[in-house]
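**Q** Positions in the sequence shown are counted from 1; adding 3 to them yields the numbering used here.
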Amino acid sequence: MRFRLLLITVCTLLCGPAMAQVPASAQASFEKAMRLRQQKDNDAACKEMQKAINAYPVYTEAYSILGEWYFMGRKYGDAVKVFQQASSSTRNGAQAFAKPLAKSLLYNYQPTEALRVLGNAPAVKAADEFNALSEQAMFMMRSMAIPFADTIHNMGASTNTRYPETHPYISADSQTLFFTRKVNGIDDDFYRSRKDSCGGWFYARNMGSPPNTSSHESAQMISPDGHYLFFSRCDNRSENGWDRGGCDLYMAYTADSVWSVPQSFGATINTPAYEGMPCLSSDNRELYFVSDRPEGYGGLDIWVSRFENGLWQPPRNLGPQINTQGDETAPFLHADNNTLYFASNGHTGMGGTDLYFCRRTGDTTWTKVENLGFPINTTANENSISITVDGRKAYLSSDRDSVEGNYDLYEFNIPAAVQPVPVAVLKGYTFDSLSKERLNYASIYISDARTGEQLYHYTSNRGDGSYMITLPVGRDYTYNADRIGYMDITDTLAFNGLTAMTSMEYNIPLLPQGYEAPVNETKLVTIHFPRNIAQVSDGDKATLEQLILPYIQQGNMTILVHGYTDNTGTPIINEQLSYERARIVADVIMAMGVEESSINSQGWGEANPIQSNETEEGRTENRRVEVVIRR
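1) Looking at the structure shown, is Tyr398 part of a helix, part of a strand, or coil, going by DSSP?
2) State the DSSP-derived secondary structure class of Tyr277, mapped to helix, strand or coil.
3) Spatial neighbours of Pro515 within its chain, please: C-beta separation below 8 Å, excluding the five flanking residues on both sides.
4) Just how far apart, CA to CA, sit Leu412 and Asn625?
5) Closest to His460 by CA distance: which of Ile447, Tyr470 and Gly468 is it?
6) Using C-beta distances below 7 Å, list every residue in its chain close to Leu552, excluding the 5 sequence neighbours before and after it, in chain order.
7) Using a 10 Å radius around the Cβ and a threshold of 16 neighbouring Cβ atoms, would you call Ser540 buried or exposed?
8) Based on DSSP bridge pairs, tell me the residues matched to Pro150.
9) Our contact map puts Asp339 next to Ser347 with C-beta atoms below 8 Å; I'd like the distance itself, whole angstroms only.
10) For Tyr518, count neighbouring Cβ atoms within 10 angstroms of its own Cβ and tell me buried if that reaches 16, exposed if not.
11) For the alpha helix (DSSP H) holding Phe74, just list the boundary residues, first then last.
12) Helix, strand or coil for Cys201, going by three-state DSSP, please let me know.
13) Mind checking which residues open and close the alpha helix (DSSP H) that includes Ile587?
14) Considering Cα atoms alone, identify which of Lys102, Ser107, Ala101 and Thr63 is closest to Tyr79.
15) Could you check the C-alpha separation between Asn3 and Gln422 for me, to the nearest Å?
16) Apply the 10 Å Cβ neighbour rule to Val628 and answer buried if 16 or more other Cβ atoms are within range, or exposed otherwise.
17) Using the Cα positions of Trp72 and Cys49, report the straight-line distance between them to the nearest angstrom.
18) Report yes if the CB atom of Arg478 is closer than 9 Å to the CB atom of Arg622, and no otherwise.
19) Could you say which of Glu220, Val392, Gln178 and Pro297 lies nearest to Ser200 if we only look at CA atoms?
20) Classify Glu609 as helix, strand or coil using the three-state DSSP reduction.
21) Use the C-beta contact count for Arg184: other C-beta atoms within 10 angstroms, 16 or more gives buried, fewer gives exposed.
22) Taking all protein chains shown into account, do 16 or more other C-beta atoms lie within 10 angstroms of the C-beta of Ser400, making it buried, or fewer, making it exposed?
23) In the structure shown, what three-state DSSP assignment does Thr133 receive?
24) Measure the C-alpha to C-alpha separation of Phe292 and Met37 and round it to an integer number of angstroms.
25) Apart from the five residues just before and just after Glu242, which ones in its own chain have a Cβ nearer than 7 Å to its Cβ?
26) Does the distance from the C-beta atom of Asp467 to that of Asn483 stay below 9 Å?
27) I need the straight-line Cα distance from Asn464 to Leu232, nearest angstrom please.
28) Under 9 Å between the Cβ atoms of Ala383 and Gly354?
29) Ignore the nearest five residues each way along the sequence and tell me which others in His531's own chain have a CB closer than 8 Å to its CB.
30) How about Arg296 and Thr274: do their beta carbons lie closer than 9 Å?
31) Using 8 Å as the threshold, is the region 558-572 in touch with the region 604-620, meaning 3 or more CB pairs across them?
32) Please classify Asp238: is it buried, with 16 or more other beta-carbons within 10 angstroms of its beta-carbon, or exposed?
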């Protein structure tokens, strides 16, 4: 639209007096070119318009229209040639065509030449757009001079099609890429692609219904644990026009690979205006999204709502340091909970829509916005970005290799200067330490180990009790976990010495409220087993008899026989094998004269390893039966 306004100005200044002097052959070619353009035969239209210019070299309107056609078709080199010829061939052309020529030079990656053109046009210097074009040119010169070590790769046919693919979102484990595809160029739906064993990607599959429907679903994000989906859905407006907007925010949940029916965020977040492109912070306390509701600074702005006292609070605009008179879209707050990436056409950049970032300095304040630079940004449109938890690889959507609006997905290694803060991933589940059953809805509080300040509050998944937490490295934390009917537990997480992303698994045990530990519990012996074997050796039988007989004579005891495996094999097989081993040991003990009612034998599979399962030595230690005397 801005480019067309430039050409309207050119024609207003120059076209009127010249029309009466146009030769018949030039006028005929001009009119034929316009008819071909209406028929969408663009190449033929451009050739015919060039004929009009050749027949009448001072044909200002023909220059303006042909240059616009080339520019809108992203043939910026051809647009430069047309406007350069117009500048030298038409009356006052150097002044009249300075801005469209400069803009075409910028989009053709010739910022130095664009600055020269702007500097030689005094009338342009007085115009409002001069500063914006000059700032863009100077930024491009600086950005293009910075070396970029990596290559930005188109992700190819496994994810990209002839239809637009936008809003990539990489899972916390970097194994699944979610994105939006405009199916058949009409309906926006969610797709996902999984990484194969060679580091490539399987062909993307539609996520099905729900969450997809006949409405437009787009701009999705997945919670770190993979159980919650946040997205925008359009075509929602209620009959009265007040209850819902054209596009609103929704959430869906999954426990067993089946998504629930999506639920709206309600009237606190959603309005009759546009709401879309949600992003939940890693501590689950902030929801960032895009809206064109009133009280904004431009078209689309980024807003944030905080979750307090069990409710989402009225949203707050991120302010003029981030939002401009243009559009700010696609917010992505990294798992470090500190670095915000977004798209904008209002900040100085390469042209079109660029990607930017800023870092948090307080609860409501951010550093100055910075452009991610060339070649991450181009003179085309880069409309969204997602970055892996380790902060090293990024996925973006851009229409750089196609016609405007036909977006593809790209991947690249992100430069260190614009990487987020390294984080550690803590994952596992909460469970009853006696029954070993997983516990959902357990609260996990993370605090700074030095100051005691509570930083984050998480809840274990309502389905399987799992959790996944991302924490910035470089300091130590304490956690406190509790649940109704259970005693709380507190421990320390030592992350101070870490400088890069790491992943830790930690399952949190909770004891039932009122539990009293036994008076005396003694681990008597640990018996190890070869892989896939459930037999007790004669030596182990002799050891059992020697250690247990003294306790048999004392009486009044319970013998706990617990079997464990390593992590090879399936969980079901491991649980069965561990129980078989425990029963065999229990049979040996009963043969010594112990009543079966005094023996408690259970198999726990691969739970509670005492060594790492990454080595054969560790797996050997974990294949065991523990015999414990409780008195």
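We put the beta carbon where it would ideally sit given N, CA and C, even for glycine.
**A** Based on what the coordinates show:
1) Here residue 398 refers to the residue found at position 395 of the sequence shown. Residue state, collapsed to three classes: strand.
2) Numbered from its first residue, the sequence shown carries residue 277 at position 274. Strand at Tyr277.
3) Taking the sequence shown and counting its residues from 1, one reaches residue 515 at position 512. Only residues of its own chain outside the window of five on either side were considered, and among them Asp435, Leu437, Gly488, Tyr489 and Met490 have a CB closer than 8 Å to the CB of Pro515, listed in chain order.
4) Numbered from its first residue, the sequence shown carries residue 412 at position 409. Numbered from its first residue, the sequence shown carries residue 625 at position 622. Inter-residue distance for Leu412 and Asn625 is about 44 Å (C-alpha atoms, whole angstroms).
5) The residue labelled residue 460 in the question sits at position 457 within the sequence shown. Of Ile447, Tyr470 and Gly468, the smallest CA-CA separation from His460 is found for Ile447.
6) On the sequence shown, position 549 is the one that residue 552 refers to. Leaving aside the five residues that flank Leu552 on each side, the residues in its chain whose CB is nearer than 7 Å to its CB run, in chain order, Met595.
7) For the purposes of this step, residue 540 is taken as the residue at position 537 of the sequence shown. Exposed: under 16 other Cβ atoms inside 10 Å.
8) By 1-based counting over the sequence shown, the position of residue 150 is 147. Bridge partners of Pro150 according to DSSP: none are assigned.
9) For the purposes of this step, residue 339 is taken as the residue at position 336 of the sequence shown. For the purposes of this step, residue 347 is taken as the residue at position 344 of the sequence shown. Not really, about 21 Å apart at Cβ, beyond 8 Å.
10) By one-based count along the sequence shown, residue 518 stands at place 515. That one is exposed.
11) Counting from one through the sequence shown, the residue named residue 74 turns up at place 71. Counting along the chain, the unbroken alpha helix (DSSP H) around Phe74 starts and ends at Thr63 to Met75.
12) Here residue 201 corresponds to residue number 198 of the sequence shown, with the count starting at 1. Coil.
13) Walking along the sequence shown from the start, residue 587 turns up at place 584. Counting along the chain, the alpha helix (DSSP H) containing Ile587 begins and ends at Pro574 to Met593.
14) Here the question's residue 79 lines up with position 76 in the sequence shown. When only C-alpha atoms are compared, the closest one is Ser107.
15) Nothing can be reported for residue 3, as the shown portion of the chain is limited to 4 through 634.
16) If you number the sequence shown from 1, residue 628 lands on position 625. By the neighbour-count rule (16 or more Cβ atoms within 10 Å), Val628 is buried.
17) By 1-based counting over the sequence shown, the position of residue 72 is 69. By 1-based counting over the sequence shown, the position of residue 49 is 46. When only Cα atoms are considered, Trp72 and Cys49 end up about 7 Å apart.
18) Taking the first residue of the sequence shown as position 1, residue 478 is located at position 475. Taking the first residue of the sequence shown as position 1, residue 622 is located at position 619. Against a cut-off of 9 Å, the Cβ pair of Arg622 and Arg478 comes out as no contact.
19) In the sequence shown, counting from the first residue as 1, residue 200 sits at position 197. Between Ser200 and the set Glu220, Val392, Gln178 and Pro297, the nearest pair of CA atoms involves Gln178.
20) For the purposes of this step, residue 609 is identified with residue 606 of the sequence shown, where counting begins at 1. Per DSSP, reduced to three states, the secondary structure at Glu609 is coil, with no helix or strand assignment.
21) Position 181 of the sequence shown, counting from 1, holds the residue named residue 184. Label assigned to Arg184: buried.
22) Residue 400 sits at position 397 when you count from the first residue of the sequence shown. Classification for Ser400: buried.
23) The residue you call residue 133 lines up with position 130 of the sequence shown. The amino acid occupying residue 133 in the given sequence is Phe; Thr does not appear at that position. Phe133 falls in the helix class under three-state DSSP.
24) For the purposes of this step, residue 292 is taken as the residue at position 289 of the sequence shown. For the purposes of this step, residue 37 is taken as the residue at position 34 of the sequence shown. Computed Cα separation, rounded: 43 Å.
25) If you number the sequence shown from 1, residue 242 lands on position 239. With a pLDDT of only 49 at Glu242, under the threshold of 50, the placement of this residue in the model should not be trusted; the figure read from the coordinates follows. Answer for Glu242: no residue qualifies.
26) As a position in the sequence shown, residue 467 is number 464, starting the count at 1. As a position in the sequence shown, residue 483 is number 480, starting the count at 1. If you check the CB distance, Asp467 and Asn483 do not come in under 9 Å.
27) The residue you call residue 464 lines up with position 461 of the sequence shown. The residue you call residue 232 lines up with position 229 of the sequence shown. A straight-line Cα-Cα distance of about 14 Å links Asn464 and Leu232.
28) Sequence index remark: in the sequence shown, residue 383 carries index 380 (1-based). Sequence index remark: in the sequence shown, residue 354 carries index 351 (1-based). Yes, the pair counts as a contact, with Cβ atoms nearer than the cut-off.
29) Counting from one through the sequence shown, the residue named residue 531 turns up at place 528. Thr623, Glu624, Arg626 and Arg627, listed in sequence order.
30) Translated into positions along the sequence shown, residue 296 becomes position 293. Translated into positions along the sequence shown, residue 274 becomes position 271. Yes, they are a contact pair.
31) The region 558-572 vs the region 604-620: in contact.
32) Numbered from its first residue, the sequence shown carries residue 238 at position 235. By the 10 Å Cβ count, Asp238 comes out exposed.
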